[in-house]
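In the order they appear, the protein sequences are chains A and B. Here our numbering is used: the first residue of the first sequence is 1, the next is one more, and so on. Here our numbering is used: the first residue of the second sequence is 309, the next is one more, and so on. What follows is a single structure, written as structure tokens, with notes after it.
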Amino acid sequence: MHLYSVSGLAVASELALPGLTALTADRAPPDVVIRSGAVPESLTAPGASGPTWQIAGPQFLLRIPDVARFLLIDGREIVHESEPGGDPADIPVFLLGTAFGILLHQRGQIVLHASAVRVGDKAILFCGPSGAGKSTLAAALLKRGCPLVTDDVCAISIAANGVPMVHPDGRQLKLWAQAIGRLDLAASRGERVRTRLEKFYVEPDRAHAGALPLGAVYGLREARPPWSAGIASPNTVDAALLLRRNAYRPQLVERMDQKAGYFHAATTIANAAGIFHLTRRLDFADMPLVIGWLERHWQDIGLLEKAA
Amino acid sequence: MRTVWLASYPKSGNTWFRMLLANLSAQNGTPADINDLPERDGIASARAPFDYLTLIDSGLLSHDEIDTLRPRVYEALARPGAAADAGSRVRFAKVHDAYLHTPKGEPLLAGRKGGDGAIVIVRDPRDVASSLAHHWKVSTGDAIAFMAKQDAALCARPGRLDNQFRQKLRGWSDHIGGWLDQTDIPVHLVRYEDMLTGTEAVLREALVFAQRDASAEQIAGAVALASFPRLQAQERAKGFREGPRPYPDGRFFRRGEAGAWRDELTAEEVARIERDHAPMMRRLGYELAVPARLACAG
Chain A
1 MHLYSVSGLA VASELALPGL TALTADRAPP DVVIRSGAVP ESLTAPGASG PTWQIAGPQF
61 LLRIPDVARF LLIDGREIVH ESEPGGDPAD IPVFLLGTAF GILLHQRGQI VLHASAVRVG
121 DKAILFCGPS GAGKSTLAAA LLKRGCPLVT DDVCAISIAA NGVPMVHPDG RQLKLWAQAI
181 GRLDLAASRG ERVRTRLEKF YVEPDRAHAG ALPLGAVYGL REARPPWSAG IASPNTVDAA
241 LLLRRNAYRP QLVERMDQKA GYFHAATTIA NAAGIFHLTR RLDFADMPLV IGWLERHWQD
301 IGLLEKAA
Chain B
309 MRTVWLASYP KSGNTWFRML LANLSAQNGT PADINDLPER DGIASARAPF DYLTLIDSGL
369 LSHDEIDTLR PRVYEALARP GAAADAGSRV RFAKVHDAYL HTPKGEPLLA GRKGGDGAIV
429 IVRDPRDVAS SLAHHWKVST GDAIAFMAKQ DAALCARPGR LDNQFRQKLR GWSDHIGGWL
489 DQTDIPVHLV RYEDMLTGTE AVLREALVFA QRDASAEQIA GAVALASFPR LQAQERAKGF
549 REGPRPYPDG RFFRRGEAGA WRDELTAEEV ARIERDHAPM MRRLGYELAV PARLACAG
């Protein structure tokens, strides 16, 4: 068994999960166990279901057709089985992203579809759906010297003193070939995420381990009418919506009756940190401009010292 | 709830048709905001509804794997109570994909389970070529070649993620032929040119096909509010989110005419389009400018 820290949880896995922060000392028992095993094709009497998933009580079944099936039990266990013809090498990426993200929802945790970097001593989150540019922006900031905190999945907990905390786990960035080329990252390009995709792991040259207080959340948008480019503060209602829509799997917030939890988290995050829209053109040529806006914004909200 | 596809090759009037539909429910003569249409995320190839419903990050799937799952998503969207607009009786969804089947042999759009019918909007291919060239900022020759390509597709580049899925189009003739000749769902053919000359009548007939109730006043109102000059005025004033990038240089609502090809295409370009698409042009009633004999010899 391998032992890792994933989103602040101790995870024991039969399968080696490259890149993750290994836990040295055995903590017994682990919070989550990941193992291979028989996974049913369907659950008995599911209470909710979608095109690729079913929920029955504490069990959650997810099927990635022709790749693998995952059974998530009570937020404590993930069983995985390859589908006929599926490549076992494809399991880790779906396990760590989709399956683990759903497990965090199952545990009732606030989990965002976000990538994050460290600025000063705070975590800065960039959220948005697939293709919004989360990983690309994180990679560009990494090149500017900001350590990577997480990619794609970002768990948040509210500490006893009311401070929202982010839990990094050593995930590598996942970037498309185009972004690797445009950001000049070929030297840190690792394995393909899946054999059939032009998407690669990129090993960050600096990463932050250990929980960090949350500094700001930015929802990424493309500058298209009626949205103009820049950084803006939404009102309370829109900030709460921004957070819920950028839950790792927003549908599960509704299905699992967690709207109130996300609303409460939005209030806490808006007060302790800040929730913003970052609207910009989706053009690599604008990246220095966007980073300039962000650096100025971090000075304005006190995350960075103002230049003398 | 019924689902009706608005199926067309790109640059054939699909957006204008959606603007007409959006203005059916306009209140007090205020036109629908072109940047806030109720069904603006409704294109079949949009990534967001797929990810939302399957819980799978489509950015980790190949084009073919996505296509294999797409029918499940359309079934879920068409199911009563599934879509956000479940309250309205007819849900219109734009689609540019050719009528094709998944790698597993199912209709990509899920046949009857994904839609109750399709309004197929077509436009003279000579005007389509001219409009495509402007929209994509490519040469007319490239646009014409694209329209003849059997494996033509949108958003199909490897090594990057587009905000829409790959849409296989086939060539212009086969795109339209595929939609008109499929037998899974009923179709209603709309010609862009007829929309221009008889907008109200075309809209009324399409709504009857879709079983979407609308009064004569609502139809007349929508036609007035979604007139080309008024759409252009909105685009000039605040831009159009679906317009060509970069903003604000690109204009989506450009001429809104039929026959603009006569002063935008060379004789060779016209001849080439007619050579590529003569049978479908005749079937749709688009008169050839170059006599068939010459077109064949060229």
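We put the CB at the ideal spot given by N, CA and C, even for glycine.
Are the CB atoms of tryptophan 313(B) and glycine 564(B) nearer to each other than 9 angstroms?
Start at 1 with the first residue of the second sequence, and residue 313(B) comes out as number 5. Start at 1 with the first residue of the second sequence, and residue 564(B) comes out as number 256. Going by C-beta atoms, tryptophan 313(B) is not nearer than 9 angstroms to glycine 564(B).
Tell me the rounded alpha-carbon separation between arginine 224(A) and threonine 279(A).
Here the question's residue 224(A) lines up with position 224 in the first sequence. Here the question's residue 279(A) lines up with position 279 in the first sequence. Distance between the alpha carbons of arginine 224(A) and threonine 279(A): 9 angstroms.
Work out the CA separation of arginine 244(A) and tyrosine 262(A) for me, nearest whole Å.
Within the first sequence, the letter at position 262 stands for residue 262(A). Within the first sequence, the letter at position 244 stands for residue 244(A). Roughly 6 angstroms separates the two Cα atoms.
Under 8 angstroms Cβ to Cβ from glutamate 572(B), same chain only, skipping five residues before and after it: list those, please.
Position 264 of the second sequence, counted from the first residue, corresponds to residue 572(B). Around glutamate 572(B): Ser438, Thr448.
What are the residues in the segment 87-114 of chain A lying within 8 angstroms of chain B by C-beta distance?
Val93, Phe94, Gly97, Thr98, Ile102
Contacting positions in the segment 196-219 of chain A - beta carbon closer than 9 angstroms to chain B
Arg196, Leu197, Glu198, Lys199
Would a check of beta-carbon distances place glutamate 373(B) closer than 9 angstroms to chain A?
Sequence index remark: in the second sequence, residue 373(B) carries index 65 (1-based). Chain A, which has a Cβ nearer than 9 angstroms to the Cβ of glutamate 373(B), makes this yes.
Contact list for the segment 312-325 of chain B against chain A, Cβ threshold 8 angstroms
none
Would you verify that the beta carbon of isoleucine 364(B) is, or is not, closer than 9 angstroms to some beta carbon of chain A?
Taking the first residue of the second sequence as position 1, residue 364(B) is located at position 56. Isoleucine 364(B) counts as touching chain A.
At least one CB of chain B closer than 9 angstroms to the CB of aspartate 169(A): is that the case?
Here residue 169(A) corresponds to residue number 169 of the first sequence, with the count starting at 1. For aspartate 169(A), the answer is no, since every Cβ of chain B falls outside 9 angstroms of its Cβ.
Going by DSSP, which residues form a beta bridge with asparagine 154(A)?
Position 154 of the first sequence, counted from the first residue, corresponds to residue 154(A). The residue you asked about is not asparagine; residue 154(A) is cysteine in the sequence shown. For cysteine 154(A), which the question treats as bridged, DSSP gives the partners Leu112(A).
Once you ignore the five residues that flank isoleucine 78(A) on each side, which residues in its own chain have a CB closer than 8 angstroms to its CB?
As a working mapping, residue 78(A) is identified with position 78 in the first sequence. Excluding positions up to five away in sequence, the list reads Val32, Val33, Ile34, Arg35, Phe70, Leu71, Leu72, Leu95, Ala99, Phe100, Leu103.
Let me confirm a value: arginine 590(B) is counted as buried when at least 16 other C-beta atoms fall within 10 Å, else exposed. Which label applies?
Along the second sequence, one-based indexing puts residue 590(B) at 282. The residue is exposed, with fewer than 16 neighbouring Cβ atoms inside 10 Å.
On the DSSP letters alone, give me the boundaries of the alpha helix (DSSP H) that tyrosine 360(B) sits inside.
Within the second sequence, the letter at position 52 stands for residue 360(B). Run containing tyrosine 360(B): 355-362, per the alpha helix (DSSP H) assignment.
Around the C-beta of valine 193(A), are 16 or more other C-beta atoms found within 10 angstroms, so that it is buried, or is it exposed?
Stepping through the first sequence from its first residue, residue 193(A) is reached at position 193. Per the 10 Å Cβ criterion, buried.
Inter-residue Cα distance where the pair is isoleucine 342(B) and leucine 328(B)
Translated into positions along the second sequence, residue 342(B) becomes position 34. Translated into positions along the second sequence, residue 328(B) becomes position 20. Each residue's alpha carbon lies about 11 angstroms from the other.
What's the call for alanine 216(A), buried or exposed, on a 16-neighbour Cβ count within 10 Å?
Taking the first sequence and counting its residues from 1, one reaches residue 216(A) at position 216. Flag for alanine 216(A) reads buried.
Neighbourhood of leucine 252(A) by C-beta, 7 angstroms cutoff - its chain only, sequence neighbours within 5 removed:
Counted from its first residue, the first sequence places residue 252(A) at position 252. Ile102, His105, listed in sequence order.
Check whether chain A comes within 9 angstroms of proline 466(B), counting only Cβ atoms and requiring the distance to be less than that.
The residue you call residue 466(B) lines up with position 158 of the second sequence. It does: the Cβ of proline 466(B) has a partner Cβ on chain A nearer than 9 angstroms.
Delimiting residues of the beta strand (DSSP E) encompassing lysine 122(A)
The residue labelled residue 122(A) in the question sits at position 122 within the first sequence. Counting along the chain, the beta strand (DSSP E) containing lysine 122(A) begins and ends at 122-127.
How far does the beta strand (DSSP E) with isoleucine 342(B) in it reach, from first residue to last?
One-based indexing of the second sequence puts residue 342(B) at position 34. Element bounds for isoleucine 342(B): n/a, residue is neither H nor E.
Using only the alpha-carbon positions, how far apart do alanine 426(B) and valine 578(B) sit?
Looking up residue 426(B) in the second sequence gives position 118. Looking up residue 578(B) in the second sequence gives position 270. Alanine 426(B) and valine 578(B): Cα-Cα distance of roughly 30 angstroms.
Applying the 10 Å Cβ sphere with the 16-neighbour rule, what's the burial state of alanine 394(B)?
The residue you call residue 394(B) lines up with position 86 of the second sequence. Annotation note: pLDDT 48 at alanine 394(B) (below 50); position unreliable, no value reported.
Using the rule of at least 16 other Cβ atoms within 10 Å of the residue's Cβ for burial, across every protein chain shown, is asparagine 322(B) buried or exposed?
Position 14 of the second sequence, counted from the start, is the residue given in the question as residue 322(B). With 16 or more other Cβ atoms within 10 Å, it is buried.
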